[in-house]
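Colleague:
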Amino acid sequence: DDSPLALIYSCCDESLTGTYPGHTEWIALPHSKMKVENTEGEQARNEPPVNHRFQRMIASRAGRNPRAAWFERDQNNYDGFPSLLVREDWHSETDFDLCQRYLMRKAPRLLMLHGLPYDDRERLELAAKAHVFEIEQYYTMYPEVNDQRRMSAMRVEAQLRRTAPRISGVKEKKKLSTDGSLSKDMRIFET
187 DDSPLALIYS CCDESLTGTY PGHTEWIALP HSKMKVENTE GEQARNEPPV
237 NHRFQRMIAS RAGRNPRAAW FERDQNNYDG FPSLLVREDW HSETDFDLCQ
287 RYLMRKAPRL LMLHGLPYDD RERLELAAKA HVFEIEQYYT MYPEVNDQRR
337 MSAMRVEAQL RRTAPRISGV KEKKKLSTDG SLSKDMRIFE T
């Protein structure tokens, strides 16, 4: 299949294409910048972060001799390019799940893309609900919003969570000594 696998670089001025590095590897947003939680099973097996495994998965699919090409796009011409910048059609359920976990965690950032189909924007908006602080951060850069009411609720939640006073936890009671000796106050209740 010769259709694009992942976006490596982009630019708005054709004269800049020659200034980009010549490598053909797609690089995931690092775990240090965007944490995608491993499942309990993945943690038990000490698997690397989702971001790293997804990057390796893309590299494996690209093959030993990956190719890169510049595509010229406009609002109406997407040349079969994946709407969320990487292909989502993975053959194994495990690979598909890994791809979806990465993309849905990246949802607040991906909502900045222009020309997203309604259904893609909808699932990104739903996934972004778990990351209200990022929604608040990127909201002004969203070219469109499917559900303004939902988006407003997420932004309000972020503001409330940011300004809510920190509630200190209830202090733990000291454990009773188990050696059988009771204090004078404790003997009062002893019958």
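The opening residue of the sequence shown carries number 187 in the numbering used here; numbering runs sequentially from there.
Note that the Cβ used here is the ideal one computed from N, Cα and C, for glycine as well.
Predicted model, so just to flag it, every value in this text is computed and none were measured.
Let me confirm a value: Thr203 is counted as buried when at least 16 other C-beta atoms fall within 10 Å, else exposed. Which label applies?
Modeller: Thr203 should be labelled exposed.
Colleague: Are Glu233 and Arg242 closer than 8 Å when you measure CB to CB?
Modeller: Going by C-beta atoms, Glu233 is not nearer than 8 Å to Arg242.
Colleague: Please report the distance separating the alpha-carbon of Ser196 from that of Ala214.
Modeller: Using only the alpha carbons, I get a separation of about 15 Å.
Colleague: How long is the line joining the alpha carbons of Gly249 and Thr210, rounded to whole angstroms?
Modeller: Cα to Cα, the separation comes out at about 11 Å.
Colleague: Which first and last residues belong to the alpha helix (DSSP H) in which Val236 is found?
Modeller: Note, Val236: alpha helix (DSSP H), 236–248.
Colleague: Taking all protein chains shown into account, decide if Ala255 is buried (16 or more other Cβ within 10 angstroms of its Cβ) or exposed.
Modeller: Exposed, by the Cβ-count rule.
Colleague: Relative to the alpha-carbon of Arg259, which residue among Gln345, Pro190, Glu320 has its alpha-carbon at the smallest distance?
Modeller: Checking every option, the nearest Cα to that of Arg259 belongs to Pro190.
Colleague: For Ala283, does the three-state DSSP call read helix, strand or coil?
Modeller: With the sequence shown as reference, residue 283 is identified as Asp, and Ala is not the correct amino acid for it. Correct three-state label for Asp283: helix.
Colleague: At the level of alpha carbons, what is the spacing between Gly208 and Arg253?
Modeller: The alpha-carbon atoms of Gly208 and Arg253 are separated by roughly 10 Å.
Colleague: Where Ser269 and Pro303 are concerned, what is the direct C-alpha to C-alpha distance, given to the nearest angstrom?
Modeller: Taking the straight line joining both Cα atoms gives about 8 Å.
Colleague: Please list, in chain order, all residues of the same chain as Ala313 whose beta carbon is under 6 Å from its beta carbon, the five residues on each side excluded.
Modeller: Hits under 6 Å: Met290, Ala293.
Colleague: From His277, Arg287, Ala192, pick the residue whose C-alpha is nearest to that of Val236; which is it?
Modeller: The shortest Cα separation from Val236 among His277, Arg287, Ala192 belongs to Arg287.
Colleague: At what residues does the alpha helix (DSSP H) containing Arg348 begin and finish?
Modeller: Per DSSP, Arg348 belongs to the alpha helix (DSSP H) from 334–349.
Colleague: Can you name the residues that DSSP bridges to Ala192?
Modeller: According to DSSP, which records beta bridges pairwise, Ala192 is partnered with Val272.
Colleague: Give me the Cα-Cα distance between Ile321 and Val272, rounded to the nearest whole angstrom.
Modeller: C-alpha separation (whole angstroms): 21 Å.
Colleague: For Arg348 and Arg341, what's the separation of their Cα atoms in angstroms?
Modeller: Distance between the alpha carbons of Arg348 and Arg341: 11 Å.
Colleague: Which same chain residues, not among the five before or five after Ala192, have their C-beta less than 6 Å away from its C-beta?
Modeller: These residues qualify, in order along the chain: Trp212, Ile244, Val272.
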